[in-house]
Amino acid sequence: MAGAFKGLIERSGINPALVEDICVGTVLAPGGGATEMRAAALVAGFPDTAAVRTLNRQCSSGLQACVDVANQIRAGMIEIGIGAGVESMSTQYGPGAVTEFSDLLESHPEAANCKVPMGVLSEDMAKARGVTRAAQDAFAAASFQKAVKAQAEGLFKEEIYPLKVKFEDPKSGETKEIVVDKDEGIRPGVTVESLGKIRPAFAKDGSIHAGNASQVSDGAAAVLLMKRSTAEKLGQKILGKYVAASIVGVPPLLMGVGPWKAIPKVFEITGLTKEDVDIFEINEAFASQCLWCANELGIPQEKINPKGGAIAFGHPLGCTGARQVSTLLYELKRRNEKIGVTSMCVGTGMGMAAVWVA
Numbered sequence: 001m002a003g004a005f006k007g008l009i010e011r012s013g014i015n016p017a018l019v020e021d022i023c024v025g026t027v028l029a030p031g032g033g034a035t036e037m038r039a040a041a042l043v044a045g046f047p048d049t050a051a052v053r054t055l056n057r058q059c060s061s062g063l064q065a066c067v068d069v070a071n072q073i074r075a076g077m078i079e080i081g082i083g084a085g086v087e088s089m090s091t092q093y094g095p096g097a098v099t100e101f102s103d104l105l106e107s108h109p110e111a112a113n114c115k116v117p118m119g120v121l122s123e124d125m126a127k128a129r130g131v132t133r134a135a136q137d138a139f140a141a142a143s144f145q146k147a148v149k150a151q152a153e154g155l156f157k158e159e160i161y162p163l164k165v166k167f168e169d170p171k172s173g174e175t176k177e178i179v180v181d182k183d184e185g186i187r188p189g190v191t192v193e194s195l196g197k198i199r200p201a202f203a204k205d206g207s208i209h210a211g212n213a214s215q216v217s218d219g220a221a222a223v224l225l226m227k228r229s230t231a232e233k234l235g236q237k238i239l240g241k242y243v244a245a246s247i248v249g250v251p252p253l254l255m256g257v258g259p260w261k262a263i264p265k266v267f268e269i270t271g272l273t274k275e276d277v278d279i280f281e282i283n284e285a286f287a288s289q290c291l292w293c294a295n296e297l298g299i300p301q302e303k304i305n306p307k308g309g310a311i312a313f314g315h316p317l318g319c320t321g322a323r324q325v326s327t328l329l330y331e332l333k334r335r336n337e338k339i340g341v342t343s344m345c346v347g348t349g350m351g352m353a354a355v356w357v358a
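Structure (structure tokens):
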């Protein structure tokens, strides 16, 4: 997270002393990550006057952080803030990430369903809603192919801040340093045929596997937010505008349908229709749920994740929502287009969506 904070300060040129509040979405960090995120902000160069908090709304945490800070600014609580997200799934993801339930919770069917693994839920959804493996693999292959093309053309460079990382070489024991400046999960040569050879992960006769589901990844993202008048006064380059957001609940066993309910709700709030939207960044937690939501909403495939999605470059839980905002706004600007939507399904049965204007 400190790296993303440093990148934000460097690229925006903002005086860190002007930032009043920082909200970081994170899901797996012990203690909610509150101590680490405060420390990361200080390491990055923010003074102790910049307050820091964390929040957890599962997969929408990064988006919720951005929305919360935007609403703080609208309410007059602060003038300048940062919405961010981070996750280190390589160190914190696994069975221990879900705590044991008490007998009271286990005895309530809907409550107990909150613990059913995401992959199992998505497998059941694919079977119940008729999303075939062929359709999922085609969607996943397209995600990889779009991401490979975008990476080769340098379309992620504006949104990625190179990070120097020290590590111990397992063979020599030496401490080495590398620069990470691109997503490592993007793999050239992925096709429907190559995905068809991968064994199902959650059921012998299943359709979901490692190639058509989001990758386990690490990542951090940060979004600088302020009123347009403040940005103009400070000479800040304006990338886009937050318009509105929606959050909805769905049955825990149907968590994957979240965007199907959240996107229409944000359209009700804003008066927009799907035809008004140029780009939809819908998180690819699983090809099955993302594809089903898009089809049910009647969203053309060419409008969805034009540079690929989480199947290709990963879904660091707390980071994704903030990362989507960055990806969306830079792509709208590049295409000279105007309106975008970010959305995702949310663990335990929720969905979130937001509208942004370039």
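The UniProt record's numbering puts the sequence shown at residues 1 to 358.
Virtual Cβ for every residue (Gly too), placed ideally from N, Cα, C.
Checklist entry - Going by the CB atoms, is the gap between G340 and V277 shorter than 8 Å? => result Going by C-beta atoms, V277 is nearer than 8 Å to G340.
Checklist entry - How is A70 classed by DSSP in three states: helix, strand or coil? => result A70: helix per DSSP, three-state reduction.
Next on the checklist: Please tell me whether F280 has its Cβ less than 8 Å away from any Cβ of chain B.
Outcome noted: Annotation note: the requested chain B is absent from the structure, which comprises a single protein chain.
Checklist entry - Given a threshold of 16 other Cβ atoms within 10 Å of its Cβ, counted over all protein chains shown, does residue 360 qualify as buried or as exposed? => result Given a span of 1 to 358 for the chain in the structure shown, any question on residue 360 remains unanswerable.
Next on the checklist: Can you tell me whether H73 is buried or exposed? The criterion is at least 16 other CB atoms within 10 Å of its CB, across all chains shown.
Outcome noted: A small fix is needed here, since residue 73 is Ile in this sequence, not His. Burial of I73 is indicated by the presence of at least 16 other C-beta atoms within 10 angstroms of its C-beta.
Checklist entry - So the beta strand (DSSP E) T342 belongs to, where does it begin and stop? => result Annotation: the continuous beta strand (DSSP E) that includes T342 extends over 339-346.
Checklist entry - In chain order, what residues of the same chain have a beta carbon less than 6 Å from the beta carbon of E184, not counting five sequence neighbours either side? => result Residues of the same chain with their beta carbon placed closer than 6 Å to that of E184 are lacking, with the five preceding and five following residues left out of the count.
Item to check | Per-residue DSSP class, three states only, for T54 | outcome: When DSSP states are grouped into helix, strand and coil, T54 belongs to the strand group.
Checklist entry - Shortest alpha-carbon distance to K204 belongs to which of L63, G76, V120? => result Minimum Cα distance to K204 is reached at V120.
Next on the checklist: Is the beta carbon of A65 closer than 8 Å to that of G83?
Outcome noted: Taking 8 Å as the Cβ cut-off, G83 and A65 qualify as a contacting pair.
Checklist entry - Roughly how many angstroms lie between the CA atoms of T342 and V325, to the nearest whole one? => result Distance between the alpha carbons of T342 and V325: 7 Å.
Checklist entry - Can you name, in chain order, every residue of its own chain whose Cβ lies under 7 Å from the Cβ of E331, other than the five neighbours on each side? => result Excluding sequence neighbours, E331 sits near I279, P306, K307.
Checklist entry - In the DSSP assignment, what residue or residues form a beta bridge with L224? => result DSSP lists I82 as partners of L224.
Checklist entry - When you compare only the Cα positions, how much space is there between K164 and K6? => result The alpha-carbon atoms of K164 and K6 are separated by roughly 12 Å.
Checklist entry - If you draw a straight line from the C-alpha of E159 to the C-alpha of E87, how long is it? => result The alpha-carbon atoms of E159 and E87 are separated by roughly 17 Å.
Item to check | Where the alpha helix (DSSP H) containing C293 begins and where it ends | outcome: Per DSSP, the continuous alpha helix (DSSP H) segment holding C293 begins and ends at 287-297.
Checklist entry - Skipping 5 residues on each side, what residues in its chain have a beta carbon closer than 7 Å to that of G249? => result These residues qualify, in order along the chain: G349, M350.
Checklist entry - At which residue ranges does the segment 218-284 contain complete beta strand (DSSP E) runs of 3 or more residues, listed in the order of the chain? => result Entirely contained in the segment 218-284, the beta strand (DSSP E) runs reaching 3 residues are, in chain order, 218-226, 241-249, 279-282.
Checklist entry - So, are the CB atoms of T270 and V355 less than 8 Å apart? => result Between T270 and V355, the gap from beta carbon to beta carbon is short of 8 Å.
Checklist entry - Using DSSP with H/G/I as helix, E/B as strand and the rest coil, what is E110? => result E110 falls in the helix class under three-state DSSP.
Checklist entry - Does DSSP classify E158 as helix, strand or coil? => result E158 carries a coil assignment under DSSP once its states are collapsed to helix, strand and coil.
Next on the checklist: Given this structure, state the Cα-to-Cα distance separating D21 from A51, to the nearest angstrom.
Outcome noted: Taking the straight line joining both Cα atoms gives about 5 Å.
Checklist entry - Of all the beta strand (DSSP E) runs that stay within the bounds of the segment 136-190, which reach a length of 3 or more residues? => result Runs found: 163-168, 175-180.
Next on the checklist: Since L239 and L329 should fall inside the 8 Å C-beta cutoff, what is the C-beta to C-beta distance between them, to a whole number of angstroms?
Outcome noted: About 5 Å separates the two Cβ atoms, so the contact holds.
Item to check | Start-to-end residues for the alpha helix (DSSP H) that takes in I22 | outcome: For I22, there is no enclosing alpha helix (DSSP H); the residue is found in the beta strand (DSSP E) stretching over 21-25.
Checklist entry - Relative to the C-alpha of R199, which residue among A210, T191, G189, V190 is closest? => result Comparing Cα-Cα distances from R199 to each of A210, T191, G189, V190, the minimum goes to A210.
Checklist entry - Does the beta-carbon of N212 have 16 or more other beta-carbons within 10 angstroms, so that it is buried, or is it exposed? => result With 16 or more other Cβ atoms from the protein chains shown falling within 10 Å of its own Cβ, N212 counts as buried.
Checklist entry - Roughly how many angstroms separate the alpha carbons of R133 and I311, rounded to a whole number? => result So the two alpha carbons sit approximately 15 Å from each other.
Next on the checklist: What residue range does the beta strand (DSSP E) around A353 cover?
Outcome noted: From DSSP, the beta strand (DSSP E) with A353 extends over 350-357.
Item to check | Status (buried if at least 16 other CB within 10 Å, exposed otherwise) for H315 | outcome: H315 sits buried, since 16 or more C-beta atoms from the chains shown fall within 10 Å of its C-beta.
Item to check | G3 to H108 span [Cα, whole Å] | outcome: Between the alpha carbons of G3 and H108 lies a distance of about 43 Å.
Item to check | contact_flag[the segment 251-267, the segment 214-229] where n(CB pairs < 8 Å) is 3 or more | outcome: The segment 251-267 vs the segment 214-229: no contact.
Checklist entry - Which residue comes first and which comes last in the alpha helix (DSSP H) that contains S194? => result Per DSSP, the continuous alpha helix (DSSP H) segment holding S194 begins and ends at 192-195.
Next on the checklist: Using the three-state DSSP reduction, which class does I311 fall into: helix, strand or coil?
Outcome noted: DSSP places I311 in helix when its eight states are reduced to three.
Next on the checklist: Pull the bridge partners of A213 from the DSSP assignment, please.
Outcome noted: Bridge partners of A213: F286.
Checklist entry - CB L291 to CB V131, shorter than 8 Å? => result In this structure, L291 lies near V131, with their beta-carbon atoms less than 8 Å apart.
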